[in-house]
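Okay, structure first, notes after.
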Amino acid sequence: MKANANLNTNQSEAVFHKDGPMMVLAGPGSGKTTVITYRTLHMIRHWNIPASKILVITFSKAAATQMENRFRALAEGENCTFGTFHSVFFRVLRQRYGYTVEQILQEGERREMVKKSLAAMEFEADEDTLASILNEISNVKNELCNINDYDSAVIAKDIFRQLFIRYEETKYTLDKIDFDDMLVWCYHLWTAEPQCLAYWQNQYPYIMIDEFQDINLVQYECIRLLAAPDYHLCVVGDDDQSIYSFRGARPEFLLRFPEDYPQVKQVTLDINYRSTSPIISLSNSIISNNRVRYEKNIKGTERDGPKPSVLNFKNPDHEASTIASQIKKLEDLDEVAVIYRTNIQARAFMDAFMQANIPYVVKDELSVIYEHWIAKDWFAYLRLGNCGMDIGDIERVINKPFRYINKAFIQKARKDGCNIFEIYARSEMLNAAQKQRIEELTTHLRTISKRPTSEALGFIRRIVGYDEYIADYCNYRKASPTGLLEIANELQEAAKSFPKAEDFILHGLDAIQAAKQNDRTTDDDTARVTLSTMHSAKGLEFGTVYIASAVEGLVPHERSTSASQIEEERRLFYVGVTRAKDRLYISVPSTRHDKKIKPSRFICKSADEKSTKNQIKSQVKSQVKNQIKKLTKGKDDKNGKTRASNKKT
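In my numbering, the protein residues as written are -3 to 645.
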């Protein structure tokens, strides 16, 4: 195959490389998929490498399918292997152990299995906690950890260890494996059986890996084994877009690649064909503040366009309604995206779009704040205060906060067909303290009925004691209450638009229904605005992008405090910004949840530079302190030996 006229110099250099390791640093919109497909074709057509000897790996099934389709459009009749890590390694296990697809534990089954194990251990977990636990189970495997040494950040260490063992035993009993097992078992198989490894090394002597910045430890170790001994290994990635540390992804594998493979050829794809010059200029200035990275100078095609704009708003609801009004005037909604840092921020935009009758699609796993258990608890309180005494609502909140009302009493009320307020006074099942708490609840419900919705929710939180209940709930689970309090704040913010409790409850139900109608699986041809977190927006591009609420506490997130965490937050913001092709708007509300907030340091250059310098200064101080400690330790050890020697003498 001759050089393609559409390839630039660096792309051609990557395409024409044959033997040995190569690292391709691919900036946003730089044509990395083109390079991978053309390089695959070039190896077959020019170097006469059999297509069956080439393996191309990427991280998602959709990306692998897209890449394979593009390759087949160029090379009819050629069949090399395109797949994800899981699909490739399952093929290994299937050949060696005879596993079938039916034995793979699906995510829903896995969730239920862990949920039942927790229930058997008398440990109740909400959906957020359950998701975090599932993620940690994956991390134990992906990091090749010993379960006895793993400290869970979600629940107590001993509880997590018991759960992990119970989960593994249940899988074994059912003769099932999960997706993480595919990688771990393959690693242990190849380290234990050199003949099996040699077979697969011979099967795939030429390997290409896309999105290499997202690789985790077990994937990296498997690839090191598979690529040996010749290491015809081409990795393509961008350390500036490494944003999945919570899944175990490690950008350092890309950063240290030249150390692990000293003969590596390095190529940088530094032309962004996606964005206008002003957007590229802004993105370069943002990411240049990171220090742990490969230096790059991303250029454009000199395509001009409007400068990115910073929009100022009073609060997130004002932000969402104004942006909705602007989007309403645009023609092609499929080319519009609203990108935010956390899932919870979708609430204001979903409400605003529903009000403005703007169709949308949620890129992330569909999650509506009004379906959260906190929302359900609050709806129950509001209904009890305003609409009557439904036994289901009473059961839901009677011990939130804890009022020491046992299940037997509640079951009796349900059996008798009346509510607890009708029978508590004459019941011999309650002591004086319990009766006092029910009387107090009755008084609270009367107060709730007289207040506007948002004030009523504030009363439920502070006077009734719901925030204290959240704190106790999280303390029992060894978890931070921050996320749940964030949901509570967002719900109370939403309630400000609905003074009547009934209207707020109906709005919540309408929002749930609207979200289901705008589910991302909808397959009609209606043009829709994309709502997405920064994480889920990676790999996408849009003509017009709104980055919502670029403020401190969200961008960067308040839970990110260390230098490395701040650098990942900056990479995340960089990913959001570089999704824009033509127009970019960055919005900054001045208050959030009735508190003043500051614009993100990432859009305030002087603040960002100062922050970066402080991080570097802190790191240097830490390094110096450690060096002094080592020197002092050596000196103390020497003096200690001298003193001991003198004492002996």
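C-beta atoms are modelled at their ideal positions from N, C-alpha and C, and glycine is treated no differently. Keep in mind it's a predicted model, so treat the numbers as computed, not measured.
Ranking L21, P595 and G479 by CA distance to the CA of R555 puts G479 first. Going by DSSP, R442 is part of the alpha helix (DSSP H) stretching over A428 to K446.
If you ignore the 5 residues before and after L37, its C-beta comes within less than 8 Å of the C-beta of M(-3), F67, L70, A71 and E74, all in its own chain and listed in chain order. Residue range E123 to N138 is occupied by the alpha helix (DSSP H) that includes N131.
Selection A116, Q262, A127 and L114 evaluated against G104 yields A127 as nearest (Cα-Cα).
Proximity of the stretch 531 to 539 to the stretch 315 to 324 falls short of the contact definition, fewer than three beta-carbon pairs being nearer than 8 Å.
Note on geometry: alpha-carbon atoms of S134 and F208 lie some 19 Å from one another.
Secondary structure of I335 (DSSP, three-state): strand. Take the alpha-carbon of K111 and the one of E98: they are about 21 Å apart.
A distance below 9 Å separates the beta carbons of F253 and M19. With distances taken between CA atoms, I456 lies nearest to D373 out of D373, S545, P595 and I211. Bridge pairing for A58: absent [DSSP].
DSSP lists no bridge partner for S556. Taking a 10 Å sphere around the C-beta of T557, we find fewer than 16 other C-beta atoms and assign the residue as exposed.
For the set Q197, A484 and L326, the Cα lying nearest the Cα of E367 is the one of A484. Between V232 and V31, the C-beta gap is smaller than 9 Å, which places the two residues in contact.
S83 and E361 have their C-alpha atoms spaced approximately 22 Å apart.
The Cβ atoms of K137 and D177 sit closer than 9 Å to each other.
Taking the Cα positions, E9 is about 14 Å away from T33. In this structure, DSSP gives G94 a state outside helix and strand, which the three-state scheme calls coil.
The DSSP-derived three-state label of M19 is strand.
Under the criterion of beta carbons closer than 8 Å, F81 and Q215 qualify as touching, at roughly 5 Å.
Judged by DSSP in its simplified three-state form, G539 adopts strand.
The residues P24, G25, E537 and K577, in chain order, have a CB closer than 7 Å to that of R270 in the same chain once the five nearest residues on each side in sequence are set aside.
Taking 9 Å as the cut-off, the beta carbon of L229 is found closer than this to the beta carbon of I219. For the pair F175 and L114, the CB atoms are not nearer than the 9 Å cut-off. Closest in alpha carbon position to E291, among I282, E298, R299 and T297, is I282.
By the Cβ rule, the stretch 376 to 386 does not count as touching the stretch 502 to 510, because fewer than three pairs are nearer than 8 Å. Among the bridge pairs identified by DSSP, G25 is matched with none. About 18 Å separates the CB atoms of I335 and R597; that is not less than 8 Å, and the two are not in contact.
Between C600 and the set D590, K591, V584 and V393, the nearest pair of CA atoms involves V584.
Non-local C-beta neighbours of R92 in its own chain, meaning closer than 7 Å and more than five positions away in sequence, comprise L185 and C192, ordered along the chain. Spatial neighbours of M109 in its own chain (CB-CB distance under 7 Å, excluding positions within 5 residues in sequence) are listed in chain order as Y163 and T166. Contact check for K303 and H13: beta-carbon distance about 38 Å, past the 8 Å limit, so the pair fails to qualify. Ranked by Cα distance from G454, the options E486, R433 and I543 are led by E486. As DSSP reads the structure, Y581 sits in a beta bridge with S305 and Y542.
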